[in-house]
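Going down the list, the protein sequences come from chains A and B.
The opening residue of the first sequence carries number 1 in this note's numbering; numbering runs sequentially from there.
The opening residue of the second sequence carries number 1001 in this note's numbering; numbering runs sequentially from there.
Positions of the beta carbon are idealized from the N, C-alpha and C atoms, including for glycine.
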Amino acid sequence: MTVLDHPAAQTWPPDAHAPRRDPAPLLPDAEPVRVLGTKALAEADPELLRELYRRLVVGRRYNQQATTLTKQGSLAVYPSSTGQEACQIAAATALRATDWLFPSYRDTLAVVSRGVDPLEALTLLRGNAHSGYDPYEHRIAPLSTPLATQAPHAVGLAHAARLRGEDTVALALVGDGGTSEGDFHEALNFAGVLNAPVVFLVQNNGYAISVPLSKQSAAPTLAHKAVGYGIHGRLVDGNDAVAVHSVLSDAVAHARSGKGPVLVEAITYRLEAHTNADDAGRYRTPDEVAGWQQRDPLPLMERHLREAGVLGDAEVEQAAAEAEALADRMRAMFHVKPELDPLSLFTHVYAEPTPQLREQAAQLAAELAADAEAGAR
Amino acid sequence: MTTLAPQAAPASTATMAQALNTALRDSLREDPTVHILGEDVGTLGGVFRITDGLAAEFGADRCLDTPLAEAGILGTAVGMAMYGLRPVVEMQFDAFAYPAFEQLVSHVARMRNRTAGRMPLPITIRIPYGGGIGGVEHHSDSSEAYYAHTPGLHVVTPGTVGDAYGLLRSAIASDDPVVFLEPKRLYWSKADWTPDAPVPALGKAVVRRPLTPGSGDTATLLTYGPSLPVCLEAAEAARAEGWDLSVVDLRSLVPFDDETVCAAVRATGRAVVVHESQGFAGVGAEIAARVSERCFHHLAAPVLRVTGFDIPYPPPMLERHHLPSVDRILDAVARLQWEQ
Ligand SMILES: Cc1ncc(C[n+]2csc(CCOP(=O)(O)OP(=O)(O)O)c2C)c(N)n1
């Protein structure tokens, strides 16, 4: 029995004024859950392990290529998730196609892992549109920039799905800094009260831009925040792809079966700066970064899977080739300059443009025509 | 206001960011009740480096890295101000100030009024605002109308390096809450900066470009913050058309300087209000109405507005189509010449 299927979780609804939930089963484990380097690895499905490895390798290459594209000026900005790939791919692999993902601006890799085309996933950061993909086609909300504001949406969507009789789960991704926002707390509270089938994954990468976790929160762990809202908290090693996948899958199953929401804190590290525009040297030491490089999720996984005899040179080479192919494709995609229609500015402000917007569109059209004429002359 | 003269020796030229940094440093040095708080303002010195070096010089309590929660930051500042401190709050970007809107409109703006004057709140809320820097969604909003519409708040925005220093000094010295809007696309603009230039009082507009005597006084451009350089450029370009444009830099939206504005408009009889935020129900509408009410008999044409479109701020690759341009301003000036 894991903490997640403790009987106290199932007493619902509670009596007024009675203790609503027994806090003990809500508490996270004292240590982050790990699988790599433990006996549990032997029980894991080798196919799954190879799949997770493959996705890690491809994900790392994706992060590198996107950062290179910012240097070449083809992407306006990129908040890299290098070092956090295990969390990103688990966000995708723990969900069913019918579930929903609510990503933050750092979670493009999770979005791509869920099947969105890299170009579409990066349109916001490239600067040509606010959201490149169709949220309903992929069941992914637009990347959210205002922090934690997507968390209540996840609760509402999960609640609505439950009302419709569906077993859809919503997964909201939040950073450690984002857990300080009011929206995050309101989302946890609503999730608890509604018993909504929602999972919150906090990627605790140690910093909110420059502010370390010690200045962000005095909580014992971020997973403990769950308890005050009557929901389950789980703590996992965010650099152990197998552990993240397993804990998140359990949490999703828990939510799906009606046992309530779960908050998972994954302890990880952002190996790169906040974005390509940030200077991380101002707030952290090379030693600290080097320490975390020792726990880089990618070599960690490769070493343990090789030791376990699950992974050989052939698989490693195949994953590398796949990663290179993705990088090639990204370069080719970004090589082509997007053709944007300035008049699209007015097309989706309202279902029907207001008379004022029609007027403004006509004004812009006339300006563009005049420019074109001047250019032709 | 000689007491507010800068104490730090400034470089002969400075960026707006450096002028703001100096204003904060001078205020911290001079008044021990001044405290800065916000996201990343400490070690990092802010994402725009406006608080660079202040935590090192004055300590982490005077320049506090807060948890990431705008309502919490501003609400905490309210309590600090209630108890004798003078908080200067940094909101990281325009659109990230919205979580603090509740604190701003429900408490900051009306505490003096709610307490019959017994509990004034001398809080300065610095907000980098506006577009033109290629920022992605939620990094380019012009939110001045929300603030200007809220009674109890001063709303100021510098358009020059010197004003950035002076207005911020005056804002921090004010016994009322001031929303201090920093045009982020001007952060890196440079100018000669004379440290002993007079510090502008809040509520005073300035004629940034006077009319050239005898050259045909064509129209008055009324503008502020990020649009000031665009208007000055338009005025330069207008010479080629044989037009002479004066440019008024409002600096302060609340209080509003009717006197300077109306004097400048009466001199030409024609006015264009220019701002990059959406036009509908924007600050420009208020200005146009005030000018019409006060200068009607002097006007040869209706007051026109050149503003951003009434759309959510566009993605970077399209923002140039949204922002008021020199051409759009000159087109408006041309429309004003209908009777000539
Ligand atoms: C409401 C809000 N306030 C401020 C910001 C500016 N901002 C962007 S990212 C960031 C730090 C976020 O840290 P964290 O939540 O830990 O996520 P991470 O960047 O580490 O993934 C800040 C302050 C924002 N995007 N939204």
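Query                                                                                                                     : Result
Contact set for B:GLY1279: own chain, Cβ-Cβ below 6 Å, skip 5 residues either direction                                   : ARG1305 and THR1307
Span separating the alpha-carbon of B:ALA1148 from that of A:LEU222                                                       : 39 Å
Nearest neighbour of A:PRO212, chosen from A:ASN239, A:SER180, A:PRO197 and A:ALA374 [CA to CA]                           : A:SER180
CB of B:PRO1314 within 8 Å of CB of B:VAL1136, strictly                                                                   : no
Where A:ASP313 falls: helix, strand or coil (DSSP)                                                                        : helix
Backbone CA spacing between B:LEU1222 and B:THR1157 [nearest angstrom]                                                    : 14 Å
A:ALA320 to A:ALA243 span [Cα, whole Å]                                                                                   : 23 Å
Buried versus exposed, by CB contacts within 10 Å (16 or more), A:ASN204                                                  : buried
beta-carbon A:ARG284 near ligand 3 non-hydrogen atom, thresh 7 Å                                                          : Ligand 3 is absent from the structure shown, which contains only ligand 1.
Buried/exposed call for A:THR93, threshold 16 Cβ in 10 Å                                                                  : buried
Collapsed DSSP secondary structure at B:PHE1048 in the structure displayed                                                : coil
Alpha helix (DSSP H) runs wholly inside the segment 162-220 of chain A, at least 4 long, in chain order                   : 182-194 and 213-216
CB contact check: B:HIS1275 to chain A, cutoff 8 Å                                                                        : no
Distance CB(A:ALA372)-CB(A:LEU248) smaller than 8 Å                                                                       : no
Contact with chain A by B:PRO1210, beta-carbon distance below 8 Å                                                         : no
DSSP state of A:GLU272 mapped onto helix, strand, coil                                                                    : coil
Cβ-based contacts, 7 Å cut-off: residues of the segment 166-178 of chain A near chain B                                   : GLY177 and GLY178
Helix, strand or coil at A:LYS225 according to DSSP, with G and I counted as helix                                        : helix
Inter-residue Cα distance where the pair is A:PHE184 and B:GLU1070                                                        : 13 Å
Reference B:THR1220, options B:ALA1300, B:HIS1107, B:LEU1167 and B:ALA1097, closest by Cα                                 : B:ALA1300
Expected contact under 8 Å - CB spacing of B:SER1277 and B:ALA1145 to nearest Å                                           : 6 Å
is_contact[B:HIS1138, chain A] using C-beta, thresh 8 Å                                                                   : yes
Counted within 10 angstroms of its Cβ, other Cβ atoms place A:LYS225 as buried (16 or more) or exposed                    : buried
Classification of B:THR1002 by the beta-carbon crowding that lies within 10 angstroms, buried from 16 upward              : For B:THR1002, the pLDDT reaches just 37, beneath the cut-off of 50, and the residue's location in the model is therefore unreliable, although a value from the coordinates is still provided. Classification of B:THR1002: exposed, given that the 10 Å Cβ count is below 16.
Of the listed residues A:LEU26, A:ARG55, A:LEU235 and A:PRO28, nearest to A:GLU302 (C-alpha basis)                        : A:ARG55
Chain A contact residues for B:PHE1280, given Cβ-Cβ distances below 7 Å                                                   : GLN356
Chain A within 8 Å of B:GLY1242, Cβ atoms only                                                                            : no
Given A:ALA40 as reference, the closest of A:ASN276, A:LEU173, A:HIS304 and A:HIS335 once Cα atoms are compared           : A:HIS304
Proximity test, A:HIS185 beta-carbon vs ligand 1 heavy atom, cut-off 7 Å                                                  : no
Cβ-based contacts, 7 Å cut-off: residues of the segment 133-144 of chain A near chain B                                   : none
For B:GLY1152 and B:ASN1113, the rounded distance between their alpha carbons                                             : 8 Å
B:HIS1298 CB to nearest heavy atom of ligand 1 below 7 Å                                                                  : no
For B:ALA1060, the first and last residue of its enclosing alpha helix (DSSP H)                                           : B:ALA1060 -> no alpha helix (DSSP H), and no H or E assigned at all.
Helix, strand or coil at A:GLN360 [DSSP, three-state]                                                                     : helix
The segment 1033-1046 of chain B contacting the segment 1056-1070 of chain B, beta-carbon criterion three pairs below 8 Å : yes
Cutoff 8 Å: A:VAL242 Cβ touching any chain B Cβ                                                                           : no
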